[in-house]
Amino acid sequence: MQASTGTPTQSSMLSTKEVTSTVTTIKEHFEPVTCPPEDFDHYYEVPQADGSIKLVPHRNHFPRTKANSIAVPRDLCLSNSNQSLMRLCEPGRGDLDSPKWRELGPVTCRHPARSQPEIKLETSTSSTCEAEDFQHRYQFQLRDGRIVTLQHLNRFGRTKAGKVGTMRDLCLKSNGLPVTRRCLAQQAGAVWESLEDVMCHQGSQYEVSQQLNTLHHKLGEPNPLNSYAVAKEVRHLLAQSEEQKKLLPADVVTTEAIFRTLAEVEKNAELGTDLLGICSDLMATNTDLLRLSAELNATNGLLHSFESYIDALPQQLVPRESCHQPVAKQMVNSSAEEGGVKIINYAHIGVQAMMSQNLSVFFVNPSCHNITGIAIYGQEAPQLLPSYSGFWFRFLYANESVYTLKTEALLEVATFLTEELWHAVHSRGANYLIFKVYAYDTLFVETTVERMRRPRSKVLSISIPDYKDKLPFPLPFLLRNENQKNPDSRAIQMGSGCGYWNYETWLSDGIETTGNNLIEDPIIVCYAYHLTQFSFLLGGSYAQQRITDIVLIEVASWHERVLDRISIVGCCLSLFGLLGIWVTAILFKNWRSQASTMVLLHLCLALTLQMILLIFLNTQDVAEQLALERDARCIALGALLHYSVLVVFSWMLIIAFMQFQRFVTVIGFRRPQHYIAIAALVAWTLPLLPTLLLVALDPQSYVPSQDQEDTHTAVCYPSGYGLTYGVVLPIALVTAANALMVFCIMHSVFKVQTKKRQLIFQQLRLCVLLFFLLGLTWIFGLCSYMRFGIAFSYLFCVTASLQGFVIFVYFVVVNRSTRNSWRALLNGSSFKGGQQSSEGASRTLSRSTTQSDKTTVASV
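The sequence shown: position 160 = 160 (the UniProt record's numbering), numbered continuously.
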């Protein structure tokens, strides 16, 4: 090999371009990681002379942006809510992963204002997709439980380009979302996206979803239904669904569509109370359900429609004419309180409020009494007014002191416009203030799996109708520091503080968070120059459950009912069999003192413990109650059931090994002294290891998930990785080992060449006994767990639930010694304790070649 010289050869020379590229790569490696610049296409809504809107495509650009930062496009892109389009640069999931832009769906922006630089727009010949018939398959269940799949002709309604259309007849996917179809804008005009092999599902929840869908379509007819009647019917249907645990993501999506339609009619306070009640009801629903509906932007649509509608009501509720006048009859519907919304009328001082359990709205006219804010308290105190939502409140004036408010011990949330701020906005046309208090953040849904921050206080929304500019002076708001309850210094380092919702994620740019100690200060004071929804954000890495594979509609209830009945009958027979074994052991001392019977009784004890836990203690009702209370008893109950299952399999493995020694390794076979005590020590202590490990590492895996509670399948038992590695894996290993040993045993037994019918019958009987005794029925259970088909579920339920009964039949009913002992006892004869040895009566098949006429199935 030639030595390298100081003069580079032509092949080793780097071009200037290569050097520049290398330097850039190294520079990017050591500098903060970023998302690269990226072009993206979207549409602008361009008003036409005839009043219509035409969608025209446009290519925009996001600049290079640091990880965990928000970017705005080069050309202004505003939503209908006047919010700028933003895009998050998400950090890589590992040290070697590069940051990447968050995915953007189809984007449609309002036409840019004339004050912005002129943007060249291309033209499109058509901005809508016309209504179109669509054929798909429909799977539903008949009254007798049979599943039927039929072809169905449906229809997509007329839809604007860039939007998604839904079908006339409700069509649900297995996750409970409606099947949608996007209208794509192309150079030749708007066209529908292609859909193939669509299967719609109908479960027990379908009826309410269909009624909501019908209401939505009737609102769009030439003679629509009365808006008040529609809103009340929506509340009734949602309450009915929630009560029966049948609410689906499609119901939230349809409700949002109804909201949008109702928001287009003339604004009225009576309808506003119903809309507030609907939002309050939805805030109490399952969070995973709301996250699924957010895939179609339903939660953001609800928020935007609700806030827009409410912002149009103050002139009706707190007009200037009502100032200093006696309180008149409420302007809202008399059934408001019946629907869960309480009205508080202080119009004489310029305040009126709508309050529900999860959401409250305060309308304020500062001109009446100089009231410019609201303070919320968590406990009762003098001079505080009670609310329907479980909190107390008082009104704040423009001359309030932020410092004084911060020192109030019971304060939860507060905000007010200072005198200089109110006079400034009032001089520019503002007359009213609206404060909305969301008790939870359930409607503020982030669809990403990993959240960097999450709200830990009530969400406070502030609106000033008819005021669109940036605030001339800072707006103060105070929030309870939830981090104080469980201090975490890392949360502060990872971005804790006040933040606002931008209809995609929680941000904190443009907000000043004050305080000397964000870990220990009970109240955090923040200032903002814009209006939106505010909350206290706790920094960290908060993983959300992946919801893409959630199945909420399963047309399999008929099979489930049959399997449940089979399991109940089998478990009852097993309990009867186990009871028979225990009675036999109590009555016949010699039988229970035999070595083989002792091993059998250990197995029966574990089976009895498991059956009692499953049938009497760890039931669905008990598990749901314990899970609701987040009680440690659910973890203890689940761990005990987990332990009992593993003990059963430990004894089955020991018995399988003993049978293997008996039938396969006959020559020189000799069991050690005290082998039963050794086996008991191993079988009853070894399962403690995985059980205690799971309790220590992931105790919450024993607590039923919200989905299990909603589908009434709750049980305190491992789930997730705890189920996979703590239950399924040990069972699979033991079942595989037992199956191998049974194969060797049967191979050894069937090697015996015989034509005697009795011996052949005994060989087959031994095969059946070992199949049940050693838990080989769980082969069917593992196949069912891996979704190999419904047939394995039936086989597993039929065989596994009968284990105790089969053991009773073989060791008590069929065994000649115990049968004779029972016969003698029942006949009143003198019984000498079963002196005939069970082991002698149950001689092994390895000796049956010479004594086949006296052989029975081997005992344990």
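We put the beta carbon where it would ideally sit given N, CA and C, even for glycine.
Residue i versus residue j - alpha carbon distance
i	j	result
His426	Tyr529	16 Å
Leu172	Thr159	19 Å
Glu45	Asp698	51 Å
Glu233	Glu207	14 Å
Asp466	Ala430	6 Å
Tyr527	Leu433	17 Å
Gln325	Ala347	8 Å
His747	Ile654	20 Å
Glu270	Pro366	23 Å
Glu264	Tyr785	50 Å
Ser124	Pro57	Reliability fails at Ser124, whose pLDDT of 41 lies under 50, so the model's placement of it is uncertain and the value that follows must be treated cautiously. Using only the alpha carbons, I get a separation of about 8 Å.
Pro314	Pro472	23 Å
Leu575	Gly92	55 Å
Glu132	Leu153	11 Å
Lys468	Val72	20 Å
Asp311	Leu247	29 Å
Ile462	Asn213	33 Å
Pro522	Asn502	26 Å
Val525	Leu85	28 Å
Val648	Ser701	21 Å
Ser305	Arg182	22 Å
Gly189	Val703	53 Å
Lys267	Tyr309	7 Å
Ala294	Asn300	7 Å
Leu225	Ala231	10 Å
Leu443	Leu303	7 Å
Val742	Ile779	13 Å
Thr404	Tyr438	24 Å
Ala236	Arg64	The question names Ala, yet the displayed sequence has His at residue 236. Looking at the two C-alpha atoms, the distance is approximately 50 Å.
Pro386	Gly277	19 Å
Arg428	Thr180	44 Å
Thr584	Thr818	8 Å
His674	Gly570	35 Å
Gly220	Gly638	52 Å
Start and end residues, alpha helix (DSSP H) containing residue i
i	result
His674	Segment: none, His674 is in no alpha helix (DSSP H) and carries neither H nor E.
Tyr785	Trp778 to Tyr785
Gly775	Unbroken run through Gly775: none, as it is neither H nor E.
Tyr403	Val402 to Lys406
Ala640	Going by the sequence as given, residue 640 is Leu instead of Ala. First-last of the alpha helix (DSSP H) with Leu640: Ala632 to Phe663.
Thr799	Ile790 to Ala800
Ser463	Segment Val459 to Ser463 is the beta strand (DSSP E) holding Ser463; no alpha helix (DSSP H) there.
Thr735	Leu729 to Phe750
Asp251	Pro249 to Ala263
Ile612	Ala595 to Ile612
Element boundaries [beta strand (DSSP E), containing residue i]
i	result
Met86	Premise fails: Met86 is in no beta strand (DSSP E) and is neither H nor E.
Leu479	Leu475 to Arg480
Arg394	Trp392 to Tyr397
Gly373	Ile371 to Tyr377
residue 863	The structure shown does not extend to residue 863, since the chain is modelled only from 1 through 860, so no value can be given for it.
Phe40	Glu38 to Pro47
Lys54	Ile53 to Phe62
Cys109	Thr108 to Arg110
Thr513	Ile511 to Thr514
DSSP beta-bridge partners of residue i
i	result
Met355	Lys342 and Ser360
Leu723	None, per the DSSP bridge assignment.
Val148	Phe140
Leu523	Note that residue 523 is Ile in the sequence shown, not Leu. Ile523 is bridged to Arg480.
Phe134	Asn154
Which runs of the alpha helix (DSSP H), 4 residues or longer, sit entirely within the stretch 159-220?
-> If we require 4 residues or more, the alpha helix (DSSP H) runs fully inside the stretch 159-220 come out as 206-219.
Taking only runs that begin and end inside the stretch 409-445, name each unbroken beta strand (DSSP E) of 3 or more residues, in chain order.
With a minimum length of 3 residues, the continuous beta strand (DSSP E) runs that stay inside the stretch 409-445 are 411-416 and 433-438.
Worksheet entry | Three or more C-beta pairs below 8 Å linking the stretch 365-377 and the stretch 386-399 | Enough Cβ pairs lie closer than 8 Å, so yes.
Checklist line | Continuous alpha helix (DSSP H) assignments of at least 4 residues falling wholly in the stretch 269-344 | finding: Here the runs fully enclosed are 269-283, 287-294, 298-310 and 314-317.
*How do the stretch 409-424 and the stretch 237-257 stand: do at least 3 beta-carbon pairs fall below 8 Å, yes or no?*
By the Cβ test, the stretch 409-424 is not in contact with the stretch 237-257, since fewer than three Cβ pairs between them sit closer than 8 Å.
Validate contact between the stretch 685-694 and the stretch 804-818 using beta carbons, cut 8 Å, 3 pairs
The answer is no - the stretch 804-818 does not touch the stretch 685-694, with fewer than three Cβ pairs under 8 Å.
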